[in-house]
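Asks: Got a structure here, written out as structure tokens. Questions coming.
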Amino acid sequence: LIGAHPREVLFTSCATESNNAAIHAALRANPGKRHIVTSAVEHSSVLNYCLALEKEGYRVIYLPVDRDGLLTLADLDNAITNETALVSLMWANNETGVLFPVKEIAELCRSRGVLFHCDAVQAAGKIPLDVQRMPLDYLSLTGHKLHAPKGIGALYVRRKTPISPYLYGGHQERGLRGGTESVPLIVGMGKAAQLARKHLPEYEKKVRPLRDKLEEGILNAIPNTELNGHTTQRLANTSNITFHGIESEALLILLDKEGICASSGSACLADSDEPSHVIKAMKPDSTASRQMIRFSLDVSNSQKEMEQAVGGVHRCVRALT
132 LIGAHPREVL FTSCATESNN AAIHAALRAN PGKRHIVTSA VEHSSVLNYC LALEKEGYRV
192 IYLPVDRDGL LTLADLDNAI TNETALVSLM WANNETGVLF PVKEIAELCR SRGVLFHCDA
252 VQAAGKIPLD VQRMPLDYLS LTGHKLHAPK GIGALYVRRK TPISPYLYGG HQERGLRGGT
312 ESVPLIVGMG KAAQLARKHL PEYEKKVRPL RDKLEEGILN AIPNTELNGH TTQRLANTSN
372 ITFHGIESEA LLILLDKEGI CASSGSACLA DSDEPSHVIK AMKPDSTASR QMIRFSLDVS
432 NSQKEMEQAV GGVHRCVRAL T
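Each residue of the sequence shown is one higher than the one before, starting from 132 at the first, in the numbering used here.
Dropping the structure here:
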């Protein structure tokens, strides 16, 4: 799925563990460097680790993004210093689907002599990923985004890239992660990755028209709606829309009654009352962070379901306006 050698893959319990393990490894390898570069729109497993590190005296730069959710290589280049231990940036945003220029980021980090970790959880299985074609050092994955069982993740570590034990115990995972591996979960993730690779060429061809139909039915017919994220530099399956004047939670309740599964941000923060930090970073002058809905599609969806979803969204919006 990602073009890695088996010895470069470390199995974990989830993407949060993979992200934490990569950051931990980079900092252990550079004890004299106490500077990290990430972005304001990363997953909470990266942001919250960085917040904890700040309390320990580390300095963290959170790169800004524009209103389309994109960052600039110039900002990244300016943020890196001789004290930078790690750059940690995602491949695809989990709320908007916006894609960062990972190949260019990896090349910039390599030219500056800085380790680069990429959270590729959302991108895997949706776009081609080949770690041999770009000089990234760490890459995080999780099983359930590939339709594998929950509870299994992986961390790619390029050969000769520093990695140190972070769970002490037995010699599992080459002594890097103590604890008995779950063979069924590993096999499940392996099979899911195999299937994802097999069906990758048809993924975008199937999913993009579904997403476009959903967006057209909402954005062209419902007043005061706005797409969040770049129109083209994003995943084919993700649609993040602001319904101005309507609170996300109120709309989600009605959507649920219509049988429409959606969210108001990251699924990992579903129980939080906080507005989307991603949309706040993109549009700090807007109320969009509390009035947005994320729709995530899959190859198992159909055109008929998109028509039904559009009709359901229309009914819900009318009920709230």
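All residues carry an ideal CB built from backbone N, CA and C; glycine is no exception.
Computed from a predicted model, the values in this text were never measured in an experiment.
Ordered along the chain, which non-local residues of its own chain (more than five positions away) have a Cβ less than 6 angstroms from that of R308?
Replies: Numbered from 1 along the sequence shown, position 177 holds the residue referred to as residue 308. Counting only Cβ-Cβ distances below 6 angstroms, and skipping sequence neighbours, we find L298.
Asks: Specify whether the stretch 171-183 and the stretch 322-339 touch according to this definition: at least 3 beta carbon pairs, one from each stretch, less than 8 angstroms apart.
Replies: Result no; under three Cβ-Cβ pairs closer than 8 angstroms.
Asks: Under 8 angstroms by Cβ, that's how I've got T143 and L286 pegged, so tell me the actual separation to the nearest angstrom.
Replies: If you number the sequence shown from 1, residue 143 lands on position 12. If you number the sequence shown from 1, residue 286 lands on position 155. Rounded, the Cβ-Cβ distance is 6 angstroms, consistent with contact.
Asks: Assign H375 to one of two classes, buried (16 or more other C-beta atoms within 10 Å of its C-beta) or exposed (fewer than that).
Replies: One-based indexing of the sequence shown puts residue 375 at position 244. By the neighbour-count rule (16 or more Cβ atoms within 10 Å), H375 is not buried but exposed.
Asks: Thinking S242 and I167 are a contact (beta carbons under 8 angstroms), I'd like their distance in whole angstroms, please.
Replies: In the sequence shown, residue 242 corresponds to position 111, counting from 1. In the sequence shown, residue 167 corresponds to position 36, counting from 1. In fact, because the Cβ distance is near 18 angstroms, the residues do not count as touching under 8 angstroms.
Asks: What does the Cβ neighbour count give for R421, buried or exposed, with the cut at 16 atoms within 10 Å?
Replies: Position 290 of the sequence shown holds residue 421. Looking at its Cβ environment, which holds 16 or more other Cβ atoms inside 10 Å, R421 is buried.
Asks: Kindly indicate the opening and closing residues of the alpha helix (DSSP H) around G310.
Replies: The residue given as residue 310 occupies position 179 in the sequence shown. Looking at the DSSP string, G310 is not in any alpha helix (DSSP H), and its letter there is neither H nor E.
Asks: How many Å lie between E214 and A237 at the Cα?
Replies: Residue 214 sits at position 83 when you count from the first residue of the sequence shown. Residue 237 sits at position 106 when you count from the first residue of the sequence shown. The alpha-carbon atoms of E214 and A237 are separated by roughly 18 angstroms.
Asks: As a quick exercise: from R138, G282 and N224, pick the residue whose alpha carbon is nearest that of L316.
Replies: Against the sequence shown, residue 316 aligns to sequence position 185. Nearest option by C-alpha distance: G282.
Asks: Would you mind listing the beta strand (DSSP E) stretches within the stretch 321-361 that are 3+ residues and don't spill past its ends, in chain order?
Replies: Those beta strand (DSSP E) runs which fall completely within the stretch 321-361 and span 3+ residues are 356-358.
Asks: To the nearest angstrom, how far is the alpha carbon of L260 from that of D206?
Replies: As a working note, residue 260 is residue 129 in the sequence shown. As a working note, residue 206 is residue 75 in the sequence shown. Distance between the alpha carbons of L260 and D206 is about 24 angstroms.
Asks: So is H408 buried or exposed if we call it buried at 16+ other beta carbons inside 10 Å?
Replies: On the sequence shown, residue 408 is found 277 positions in, with the first residue counted as 1. Buried, by the Cβ-count rule.
Asks: Kindly give me the distance between the Cβ atoms of I121 and Y180, rounded to whole angstroms, as I take these residues to be in contact under 8 angstroms.
Replies: With the chain represented from 132 up to 452, any question about residue 121 goes unanswered, as that position is not in the structure.
Asks: How many angstroms separate the CA atom of C145 from the CA atom of G284?
Replies: Looking up residue 145 in the sequence shown gives position 14. Looking up residue 284 in the sequence shown gives position 153. Whole-angstrom Cα-Cα distance: 4 angstroms.
Asks: With 16 as the cutoff for other CB atoms within 10 Å, does E438 come out buried or exposed?
Replies: Position 307 of the sequence shown, counted from the first residue, corresponds to residue 438. Answer is exposed; the Cβ neighbour count stays below 16.
Asks: Who are the Cβ neighbours of A251 in its own chain at under 7 angstroms, not counting the five residues just before and after it?
Replies: Numbered from its first residue, the sequence shown carries residue 251 at position 120. Closer than 7 angstroms at the Cβ level, and outside the excluded window around A251, lie W222, L260, L270, S271 and L272.
Asks: Please report how far the alpha carbon of V177 lies from the alpha carbon of D387, in whole angstroms.
Replies: Within the sequence shown, numbered from 1, the residue matching residue 177 stands at position 46. Within the sequence shown, numbered from 1, the residue matching residue 387 stands at position 256. Computed Cα separation, rounded: 30 angstroms.
Asks: Identify every residue that forms a DSSP beta bridge with I372.
Replies: Counting from 1 along the sequence shown, the entry for residue 372 is found at position 241. BP columns for I372 point to L358 and I424.
Asks: Among the candidates L230, T373 and L182, whose CA atom is the shortest distance from the CA of L350?
Replies: Counted from its first residue, the sequence shown places residue 350 at position 219. Ranking the options by Cα distance to L350, first place goes to T373.
Asks: Within its chain, find whatever has a CB closer than 8 angstroms to the CB of R264; leave out the 5 residues flanking it on each side and keep chain order.
Replies: Indexing the sequence shown from 1 puts residue 264 at position 133. Once the five neighbours on either side are set aside, the close Cβ partners of R264 are G134 and K234.
Asks: For R138, does the count of other Cβ atoms within 10 angstroms reach 16, so buried, or fall short, so exposed?
Replies: If you number the sequence shown from 1, residue 138 lands on position 7. Exposed, since its Cβ has fewer than 16 Cβ neighbours within 10 Å.
Asks: Give a yes or no on contact between the stretch 421-433 and the stretch 355-370, applying the rule of three or more CB pairs nearer than 8 angstroms.
Replies: Verdict: yes, contact present.
Asks: Throw me the rounded Cβ distance for the G319 and G274 pair, which I believe falls under 8 angstroms.
Replies: What you label residue 319 is simply residue 188 of the sequence shown in a count that begins at 1. What you label residue 274 is simply residue 143 of the sequence shown in a count that begins at 1. At roughly 7 angstroms, the Cβ-Cβ gap stays under 8 angstroms, so G319 and G274 are in contact.
Asks: Would you identify the three-state DSSP class for R165, choosing helix, strand or coil?
Replies: For this step, residue 165 is matched to residue 34 along the sequence shown. In the structure shown, R165 sits in coil (DSSP, three-state: anything other than H, G, I, E or B).
Asks: Are the CB atoms of R342 and L115 within a distance shorter than 7 angstroms?
Replies: This structure gives no information on residue 115, because the portion of the chain shown stretches from 132 to 452.
Asks: So E389 and G443 are supposed to be a Cβ contact under 8 angstroms. How far apart are they, rounded?
Replies: Position 258 of the sequence shown holds residue 389. Position 312 of the sequence shown holds residue 443. With 8 angstroms as the limit, E389 and G443 qualify as a contact, their Cβ atoms being about 4 angstroms apart.
Asks: From E378 to R290, what distance separates their C-alpha atoms?
Replies: Within the sequence shown, numbered from 1, the residue matching residue 378 stands at position 247. Within the sequence shown, numbered from 1, the residue matching residue 290 stands at position 159. Taking the straight line from one Cα to the other gives about 48 angstroms.
Asks: What is the DSSP secondary structure of C145, counted as helix, strand or coil?
Replies: Residue numbering aside, residue 145 sits at position 14 when the sequence shown is read from its first letter. In the structure shown, C145 sits in coil (DSSP, three-state: anything other than H, G, I, E or B).
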